[in-house]
Amino acid sequence: MSSNQNKISRLRGTQDIYGDTALLFQKIEQAAIRVFERYSFGELETPILEEKQLFVRALGTETDVVQKEMYEFEDRSKTQVAMRPEGTAGVVRAYLENNFDKNEGLCKFYYRGPMFRSERPQAGRLRQFHQIGVEELGTSSPYADAEVILSLCAFLEEAGATGFELKLNNLGTFEERTIYKEKLREFFKPQLKRLCEDCQKRFEKNVFRILDCKNPDCRKAISDAPTIESYLTEESKSHFDTVKSCLEAAGVKYKIDARMVRGLDYYTKTVFEVTHSKLGAQDALGAGGRYDQLIESFGGPSVGAVGFAVGVERLCLCLKSEEAISAETTTSFYVATLGPEALKAGFKILQSLRVEGLSAQMDFEAKSLKSQLRSADKAKSRYVIILGEEEMKKNICLFKDMAAKTQEEVGLKELLSICRDKK
Ligand code: AMP
5 MSSNQNKISR
15 LRGTQDIYGD
25 TALLFQKIEQ
35 AAIRVFERYS
45 FGELETPILE
55 EKQLFVRALG
65 TETDVVQKEM
75 YEFEDRSKTQ
85 VAMRPEGTAG
95 VVRAYLENNF
105 DKNEGLCKFY
115 YRGPMFRSER
125 PQAGRLRQFH
135 QIGVEELGTS
145 SPYADAEVIL
155 SLCAFLEEAG
165 ATGFELKLNN
175 LGTFEERTIY
185 KEKLREFFKP
195 QLKRLCEDCQ
205 KRFEKNVFRI
215 LDCKNPDCRK
225 AISDAPTIES
235 YLTEESKSHF
245 DTVKSCLEAA
255 GVKYKIDARM
265 VRGLDYYTKT
275 VFEVTHSKLG
285 AQDALGAGGR
295 YDQLIESFGG
305 PSVGAVGFAV
315 GVERLCLCLK
325 SEEAISAETT
335 TSFYVATLGP
345 EALKAGFKIL
355 QSLRVEGLSA
365 QMDFEAKSLK
375 SQLRSADKAK
385 SRYVIILGEE
395 EMKKNICLFK
405 DMAAKTQEEV
415 GLKELLSICR
425 DKK
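One point on numbering: in the numbering used here, the residue at position 171 of the sequence shown is 175, and numbering is uninterrupted.
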């Protein structure tokens, strides 16, 4: 058997995350945690595996995610399960299952973790990707919409993103949408043949979904479609006005996109999307909205909720192209040794540095001093401790400052306290 036949590759649309990307992921998560703490969101981690029915009921049977994209299977106990395609459904289930709905007042959660959608992979579109999001449950107040949107912008800024664009729309309530859907059907009926196959089905099952189609011919037809505005009640309009005025007061710029519907069925009233021009075709960096009937549809109280999710890989793409990866070098030490005795002593030094809480490393396969200095440089170590047979005999080492380009002899007894002072 050739070695190629033995090779197992990662699945299409999945990624190994390491190096600069892993550092960016950390930077993004830390920015999220700092900002969400400021906005009083507590962490909630829900399982990756849930009953399939949770997503079918929450997202809607006619959505692309449920129709074509869920990783679903029957497990060994014959339960139909799915790997979560998004975070909101699980948060709502957890909110009800853990009786958070019985608590007074708002429930504010943030979550982070992998999501799974069997989409056609392309730049910015993966089958396993990561989202960081927030959900604010138990409130119908437009101030909650504003708070969630402001926390989204604050998070993106804290992570180092600039140049993103915020778009808003008001989808009204399900009742208001019933009349609007009729108007849409009247509009699309005479031009059904122009629409893609999927949209022809959507026309029958959920005409609203046509507005979300990315097919260029459908997009042309959609650009003249009626907007929902004339079918909204005063209450829905004034809710949206409050959201907009909160954003204006906070100095947050936005655009109204009157035909933005978002891909999932549960949204009501405010929906929003953040895009970035550097992302190309998949330009949505994050999105969310209000979902006032979802909790009740799962047997909970009649209370509203609002949330968003940001795609971490897409945020990484924006940050990378903005060269936002900081060139911070931690004060780290590299122990370079020559010969077996020095390796043994060097390993002890390495461990005592780490016990002191210092970041230190060494190469156990080290050959030449030159190659070790190259590794130290690559690892962005600030200081190199050089130990050879000669130094061992004199109980000293060479202490090299890579930034200042200086080198001095240091007694092994003093070494640890010198390193401590450099911290
Ligand atoms: P959604 O849950 O569809 O509203 O998506 C929210 C965000 O998750 C999007 O704006 C993207 O940043 C990210 N996202 C959604 N689907 C994918 C995917 N297949 N690959 C990578 N990121 C995704």
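Where is the CB? At the ideal position from N, CA and C, for every residue including glycine.
Small disclaimer: the values here were computed from a predicted structure and weren't measured.
Assigned exposure category for residue i - 16 Cβ within 10 Å defines buried
i, result
"GLU90", "buried"
"THR237", "exposed"
"GLY350", "buried"
"TYR22", "exposed"
"ARG97", "buried"
"GLY142", "buried"
"TYR115", "buried"
"ARG294", "buried"
"LEU15", "exposed"
"ASP24", "exposed"
"THR50", "buried"
"ARG206", "buried"
"PRO1", "What is shown of the chain runs 5 to 427, which leaves residue 1 out entirely."
"GLY361", "exposed"
"ARG131", "buried"
"THR274", "buried"
"LEU170", "buried"
"ALA408", "exposed"
"LYS56", "buried"
"LEU188", "buried"
"GLN9", "exposed"
"ALA331", "Confidence at ALA331 is low in this model, with a pLDDT of 46, below 50, so its placement is unreliable and no value can be given for it."
Segment limits, beta strand (DSSP E) that includes residue i
i, result
"ARG116", "111-120"
"ILE389", "387-391"
"PRO294", "It should be noted that the sequence gives Arg, not Pro, for residue 294. Taken as a continuous stretch (DSSP letters only), the beta strand (DSSP E) holding ARG294 covers 288-294."
"LEU172", "168-174"
"LYS273", "272-280"
"GLY137", "132-141"
Neighbourhood of residue i by C-beta, 8 Å cutoff - its chain only, sequence neighbours within 5 removed
i, result
"ASP405", "ARG386, TYR387, GLN411"
"HIS134", "PHE29, ARG116, GLY117, PRO118, MET119, GLY315, VAL316, GLU317"
"SER44", "LYS112"
"ILE400", "GLU413, VAL414, GLY415, LEU416"
"PHE302", "ARG61, ALA62, VAL96, ARG97, LEU100"
"GLU178", "The sequence given here places Phe at residue 178; Glu does not occur at that position. Here the set comprises THR272, GLN297."
"ASP291", "Per the sequence shown, the amino acid found at residue 291 is Ala instead of Asp. So the list reads ARG266, VAL275, PHE276, GLU277, VAL278, PHE312, ALA313, once near-sequence residues are dropped."
Same chain, Cβ closer than 6 Å to residue i, neighbours up to 5 away in sequence not counted
i, result
"LYS11", "none"
"CYS203", "ILE214, CYS217, CYS222"
"LEU268", "LEU63, THR67"
"GLY176", "ILE232, LEU236, SER240"
"ARG181", "none"
"GLY343", "GLU393"
"ALA229", "PHE191"
"ALA93", "LEU58, PHE59, ALA62"
"VAL69", "LEU63, PRO89"
"ALA328", "Note on ALA328: pLDDT 48, under 50, position unreliable in the model; the coordinate value appears next. The answer, listed in chain order, is GLY164."
"GLN286", "GLY128, ARG129"
"VAL339", "GLY350, ILE353, LEU354, MET366, ILE389"
Where the alpha helix (DSSP H) containing residue i begins and where it ends
i, result
"LEU58", "56-63"
"ILE153", "146-163"
"LYS409", "Premise fails: LYS409 is in no alpha helix (DSSP H) and is neither H nor E."
"LYS426", "416-426"
Contact with chain B by residue i, beta-carbon distance below 8 Å
i, result
"GLU186", "Reference to chain B is not applicable here, since this structure consists of a single protein chain."
Own chain, CB closer than 7 Å to residue i, minus 5 neighbours either side, in chain order
i, result
"ILE260", "LEU172, ASN173"
"GLY284", "ALA127, GLY128"
"TYR75", "ALA86, MET87, PHE120, SER122"
"ARG198", "ASP221, ALA225"
"VAL95", "LEU48, THR50, PHE113, TYR115, GLU139"
"GLY304", "LEU100, ASP105"
"ASN210", "GLU66"
"GLY308", "THR143, SER144, ARG294, ASP296"
Segments assigned alpha helix (DSSP H), at least 4 residues, entirely inside the stretch 186-264
The qualifying runs are 201-209, 220-226, 238-253.
Would the stretch 103-111 and the stretch 127-143 be scored as touching if the rule is three or more Cβ pairs under 8 Å?
Yes: the two stretches touch, three or more of their Cβ pairs being nearer than 8 Å.
Which full runs of the alpha helix (DSSP H) of 4+ residues lie inside the stretch 17-99, going along the chain?
Along the length of the stretch 17-99, whole alpha helix (DSSP H) runs at least 4 residues long occupy 23-42, 56-63, reported in chain order.
Quick check for students: name the residue ranges of the alpha helix (DSSP H) that lie wholly in the stretch 301-373, counting only runs of 4 or more.
Taking only runs of at least 4 residues, the alpha helix (DSSP H) segments lying wholly in the stretch 301-373 are 316-325, 344-359.
contact_flag[the stretch 155-167, the stretch 28-38] where n(CB pairs < 8 Å) is 3 or more:
In short, these stretches touch, since the Cβ pair count reaches three.
Counting beta carbon pairs with one atom in the stretch 351-361 and one in the stretch 369-379, are three or more of them shorter than 8 Å?
The stretch 369-379 makes no contact with the stretch 351-361: fewer than 3 CB pairs, one atom from each, lie closer than 8 Å.
Any 3 or more C-beta pairs closer than 8 Å across the stretch 26-33 and the stretch 318-325
The stretch 26-33, when compared against the stretch 318-325, does touch it at the 8 Å Cβ threshold.
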